[in-house]
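Reminder that position 203 of the sequence shown reads as 184 in the working numbering, one-by-one numbering, no gaps. Note that the Cβ used here is the ideal one computed from N, Cα and C, for glycine as well. What you are looking at is a predicted structure, and each value in this text was computed from that prediction instead of being measured. Report on the structure given below.
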Amino acid sequence: MNSILIYADGSSIGNPGPGGWGVIIRNGSEVKEFGGREKTTTNNRMELRAAIEALRSIEVEGEIEVRTDSKYVIKGITEWVESWKANGWKTTSKSPVENKDLWEELLLEVEGKSINWRYVEAHAGVPGNERVDEIAQGFARGGNLDLYSGSKEGYGVDLDIFEAEEPFYISFANGVFGRHKLWKECEVVVRGVAGAKFKKVTSESQAKKLEESWRLDAER
């Protein structure tokens, strides 16, 4: 049976406000990115929508791992939802459960599937989570996104990294890029150099994007 890996994320500009959701699925040797947008929504609804649409898109059987930075989604589907149902969709304080419609959708999608829900820390440099956040935010802002669909060998994001990488520093001084484990090493390179740039980063993907941006700035 296949082992399927999912990254899912949601975003909203304002709460409520324009929102987007993003998904990355690695199924066997293939990787696919997709997402969507809603005009007025909340962050929690977009987090739920991402998980729903990810699971809805899977047609083959297999072990599924869903990685999300939403504790709301994970705790809701693994701990809270059965109690909510039993209590007539009321919380322990007797208040109506928020987003009931989406929780009901998610319950339908998890039925019969073998799913391991795993929390991944947001904005901590985990490449898959950083990328799916970009997709969600891109849809929320209404931009045109270049989404990937193809072989995992051709995908530029390492989905197997689960823990955040050790932070490091990058520099650009006198036309030369540098990598530094410690700030004092970076400081020696950039201090007193006109136009020098430096940044603390938490992943290789973040470093490469900044370096490309700095290179383009230098060529203007």
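C-beta contact flag for residue i and residue j at 9 Å
{"i": "Ser51", "j": "Asn80", "result": "no"}
{"i": "Trp98", "j": "Val47", "result": "yes"}
{"i": "Val12", "j": "Val113", "result": "no"}
{"i": "Glu40", "j": "Ala(-11)", "result": "no"}
{"i": "Val107", "j": "Thr49", "result": "no"}
{"i": "Ala32", "j": "Glu90", "result": "yes"}
{"i": "Gly(-2)", "j": "Arg18", "result": "no"}
{"i": "Glu44", "j": "Ser95", "result": "yes"}
{"i": "Ile6", "j": "Ser38", "result": "yes"}
{"i": "Lys56", "j": "Trp65", "result": "no"}
{"i": "Gly137", "j": "Ser186", "result": "yes"}
{"i": "Leu(-14)", "j": "Arg30", "result": "no"}
Unbroken alpha helix (DSSP H) run spanning residue i, endpoints
{"i": "Ser194", "result": "185 to 200"}
{"i": "Lys162", "result": "It is not in any alpha helix (DSSP H) - Lys162 carries neither H nor E in the DSSP assignment."}
{"i": "Gly176", "result": "Run containing Gly176: none; DSSP gives neither H nor E here."}
{"i": "Phe120", "result": "108 to 121"}
{"i": "Ile55", "result": "52 to 56"}
Among the options, nearest to residue i - alpha-carbon criterion
{"i": "Asn110", "options": "Gly(-9), Ser(-16), Tyr53, Lys180", "result": "Gly(-9)"}
{"i": "Lys165", "options": "Val157, Asn155, Phe149, Gly176", "result": "Phe149"}
{"i": "Glu42", "options": "Leu29, Ile33, Asn8", "result": "Asn8"}
{"i": "Ala177", "options": "Lys66, Gly159, Lys71, Leu36", "result": "Gly159"}
{"i": "Ile151", "options": "Val138, Phe179, Asn125", "result": "Phe179"}
{"i": "Asp198", "options": "Glu185, Ala154, Asn68, Asp82", "result": "Ala154"}
{"i": "Gly223", "options": "Ser(-16), Ser10, Lys162, Asn(-4)", "result": "Summary: the structure shown does not reach residue 223, with the chain confined to residues -18 through 201, and so no result is reported for it."}
{"i": "Val54", "options": "Glu85, Arg196, Val169", "result": "Glu85"}
{"i": "Val174", "options": "Ser184, Asp127, Gly156, Ser186", "result": "Gly156"}
{"i": "Leu128", "options": "His161, Glu14, Ser184, Ala103", "result": "Glu14"}
{"i": "Thr22", "options": "Arg122, Arg37, Glu185, Glu168", "result": "Arg122"}
{"i": "Glu147", "options": "Leu36, Asn(-17), Gly119, Ser184", "result": "Ser184"}
{"i": "Lys20", "options": "Asp139, Glu168, Arg196, Phe120", "result": "Phe120"}
{"i": "Glu92", "options": "Cys167, Asp139, Leu36", "result": "Leu36"}
{"i": "Ser(-7)", "options": "Ile(-15), Gln118, Glu34", "result": "Gln118"}
Secondary structure of residue i, DSSP reduced to three states
{"i": "Asp(-10)", "result": "strand"}
{"i": "Ala154", "result": "strand"}
{"i": "Asn25", "result": "helix"}
{"i": "Glu168", "result": "helix"}
{"i": "Arg62", "result": "It is Val, not Arg, that sits at residue 62 in the sequence shown. Helix."}
{"i": "Ile39", "result": "coil"}
{"i": "Ile(-15)", "result": "strand"}
{"i": "Lys75", "result": "coil"}
{"i": "Trp84", "result": "helix"}
{"i": "Leu126", "result": "coil"}
{"i": "Leu140", "result": "coil"}
Unbroken beta strand (DSSP E) run spanning residue i, endpoints
{"i": "Val12", "result": "11 to 22"}
{"i": "Ser132", "result": "130 to 132"}
DSSP bridge partner residues for residue i (one or two, in chain order)
{"i": "Trp2", "result": "Gly(-9), Gly17"}
{"i": "Ser95", "result": "Glu44"}
{"i": "Asn(-4)", "result": "Paired residue(s): none; Asn(-4) is not in a bridge."}
{"i": "Lys181", "result": "Tyr150"}
{"i": "Asn8", "result": "Ile(-15), Glu11"}
{"i": "Tyr100", "result": "Thr49"}
beta-carbon residue i near the ligand NAD non-hydrogen atom, thresh 8 Å
{"i": "Asn(-17)", "result": "For the structure depicted, the ligand NAD is absent and the ligand set is empty, with no information on it obtainable."}
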